[in-house]
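In my numbering, the protein residues as written are 11 to 167.
We treat Cβ as the ideally placed atom computed from N, Cα and C, and that holds for glycine.
All values reported here derive from a predicted model rather than from experimental measurement.
This report concerns only the one structure given below.
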């Protein structure tokens, strides 16, 4: 299975991977120092350092796997055909309230709602993908259903 990822998302993961690999030395040093303190069964510093080591190694494996399965998409090389695609920044208006929002559709590892980036597998992004400029789509069900209109589609690097 391939995971779509923006160029920026892949670079962020590579940078985090390098930082995690660089932290291995400090973690090993902390484990060594904690061992010097005596009985390992009741040594909180030792157990904390070992737990940090385990979490760090798990994250390294996760990132290496994600990068090996990544389908990096360079949005700046694509032609804007006014269709919502992965990596696009979409300006929307909620028709009931007139509220406007702007979201960029990115991979799971890059999604951060506070910065306006949503995962390509989220229901909101799924409802938008493939829609054209000016098209209206609905998100939610029943009383929670909201109609949104696509006002602008940008392919920003």
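Got a sec? Which residues, its chain only, sit under 7 angstroms from residue 60 by beta carbon, not counting five neighbours each side? Sequence-distant Cβ neighbours of residue 60 in its own chain, meaning closer than 7 angstroms and more than five residues away, are 41.
Minimum C-alpha distance to residue 98 - residue among 116, 104, 110, 43: It is 116.
By how many angstroms is the C-alpha of residue 123 removed from the C-alpha of residue 36? When rounded, the separation of the alpha-carbon atoms in residue 36 and residue 123 is 33 angstroms.
Would you kindly check if the distance between the Cβ of residue 77 and the Cβ of residue 165 is under 8 angstroms? No, the pair does not count as a contact, with Cβ atoms beyond the cut-off.
Near residue 74, what residues of its chain come up, given a Cβ to Cβ distance below 8 angstroms and the 5 sequence neighbours on each side ignored? Same-chain partners within the cutoff: 27.
Please return the same chain residues whose Cβ sits closer than 8 angstroms to the Cβ of residue 139, not counting the five positions on each side in sequence. For residue 139, where only same-chain residues beyond five positions count, the Cβ hits under 8 angstroms are 94, 95, 96, 115, 130.
Do residue 85 and residue 148 have their CB atoms nearer than 8 angstroms? Not a contact, by the Cβ cut-off of 8 angstroms.
Do you know offhand how far residue 162's Cα is from residue 21's? If you draw a straight line from the Cα of residue 162 to the Cα of residue 21, it is about 27 angstroms long.
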